[in-house]
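In our numbering, the protein residues as written are 1 to 306.
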């Protein structure tokens with residue numbers, strides 16, 4: 001596979017803002033009413049123009065079941081500053097452009113079934129607000145940001161297109177794209193109670209297509225109450241009290257394998273939890289967020305971390 005994040009080739013663009021500035025790389029304002037009132041289209045014109053006619057769900061279902069979909073001909077379509085960038089699936093390469101934007105709007109068009117939310121992250125040394133359309137999606141996106149090795153994330157990242165199927169095409173927009181240890185991870189989020197047979201077919205087709213070129217694919221549903229509790233605790237300890245800095249460095253140095261060893265190094269369970277949550281929040285290590293934290297909780301450390 002080619003390099004994952006490509007360099008910017010357009011030298012005519014203005015100089016990027018400094019690391020102290022923040023940007024919101026949206027294709028629309030943050031206020032849903034601002035665009036919904038005027039009936040704004042769901043995709044940017046240039047992106048929409050390159051999307052072939054989509055089959056109906058019934059047509060797409062029949063084509064997938066009958067094996068008439070050629071995954072080798074699949075394409076991805078990116079949105080760089082409202083300009084569509086197409087690629088063949090075997091040429092998958094994330095455009096390394098400061099102005100990479102979502103390929104579709106969330107909750108800002110007439111009849112929108114979802115509400116828009118935001119998750120602030122640091123990407124390319126800038127504060128960026130990612131667009132999310134459900135609490136589950138927000139939770140899983142936050143969980144991905146604290147995975148060791150994750151260095152980049154984007155939401156509504158590209159249009160996945162299977163063209164030339166019965167004079168039309170099958171289209172799918174994944175929810176999240178992340179880069180972990182320099183490898184892409186594509187994630188779809190949908191609660192189990194709303195997944196239907198068509199969703200299952202599309203998720204399986206997406207998995208087969210992406211995994212054929214070495215791209216990891218995940219489907220996530222409801223996020224557990226335990227995971228939500230852990231994510232809240234982790235978020236609160238991203239910036240820990242400076243008086244615990246020496247304990248943070250001590251735990252980093254020893255890289256303990258279990259929570260028990262962290263508690264021992266820190267001298268107490270409450271302080272040990274704060275230190276461990278702080279390290280998780282900053283992606284130095286991770287635990288299974290679906291399980292309660294006990295002394296035997298296993299800790300995975302980021303590769304190459306000191």
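For each residue, glycine too, the CB sits at the ideal point set by N, CA and C.
Exercise for review: Tell me residue 101's beta-bridge partners as DSSP assigns them.
Suggested key: BP columns for residue 101 point to 79.
Review point. Taking DSSP as the reference, what is the three-state secondary structure of residue 48?
Key: In the structure shown, residue 48 sits in a helix (DSSP, three-state: H, G or I).
Review point. At which residue ranges does the stretch 190-237 contain complete alpha helix (DSSP H) runs of 4 or more residues, listed in the order of the chain?
Key: With a minimum length of 4 residues, the continuous alpha helix (DSSP H) runs that stay inside the stretch 190-237 are 197-211, 225-236.
**Study point:** Range covered by the beta strand (DSSP E) that runs through residue 297
**Key:** It is not in any beta strand (DSSP E) - residue 297 carries neither H nor E in the DSSP assignment.
Review point. When you compare only the Cα positions, how much space is there between residue 136 and residue 69?
Key: Computed Cα separation, rounded: 30 Å.
Exercise for review: Given a cut-off of 8 Å, decide if residue 259 and residue 147 are closer than it, judged by their beta-carbon atoms.
Suggested key: The Cβ atoms of residue 147 and residue 259 lie no closer than 8 Å to each other.
Check your understanding: What residue does the alpha helix (DSSP H) around residue 273 start on, and which one ends it?
Key -> Bounds of the alpha helix (DSSP H) holding residue 273 are 269-281.
Point to revise | residue 156 to residue 255 span [Cα, whole Å] | key: The alpha-carbon atoms of residue 156 and residue 255 are separated by roughly 35 Å.
Check your understanding: Where does residue 139 fall in DSSP's three states?
Key -> Looking at residue 139 - three-state DSSP - the assignment turns out to be helix.
Exercise for review: Check residue 169 in the structure and name its three-state DSSP category.
Suggested key: Strand.
Point to revise | residue 150: first and last residue of the uninterrupted beta strand (DSSP E) it sits in | key: That run of the beta strand (DSSP E) goes 150-155.
Exercise for review: Quickly, what does DSSP pair residue 188 with across the bridge? List them, please.
Suggested key: Looking at the DSSP assignment, residue 188 forms a beta bridge with 219.
Point to revise | Same chain, Cβ closer than 8 Å to residue 197, five either side skipped, listed in chain order | key: So the list reads 61, once near-sequence residues are dropped.
Exercise for review: Below 7 Å CB to CB, which residues in the same chain sit around residue 217 once its five sequence neighbours on both sides are set aside?
Suggested key: Here the set comprises 186, 206, 207, 210, 211.
Point to revise | Secondary structure of residue 133, DSSP reduced to three states | key: The DSSP-derived three-state label of residue 133 is coil.
Review point. For residue 174, which residues does DSSP report across the bridge?
Key: Residue 174 pairs with nothing; no bridge assigned.
**Study point:** alpha helix (DSSP H) segment containing residue 252, residue limits
**Key:** Where residue 252 is concerned, the enclosing alpha helix (DSSP H) stretches over 245-254.
Point to revise | Which of helix, strand or coil DSSP assigns to residue 240 | key: If DSSP states are grouped into helix, strand and coil, residue 240 belongs with coil.
**Study point:** Rounded separation between residue 294 and residue 269 - CA only
**Key:** Distance between the alpha carbons of residue 294 and residue 269 is about 10 Å.
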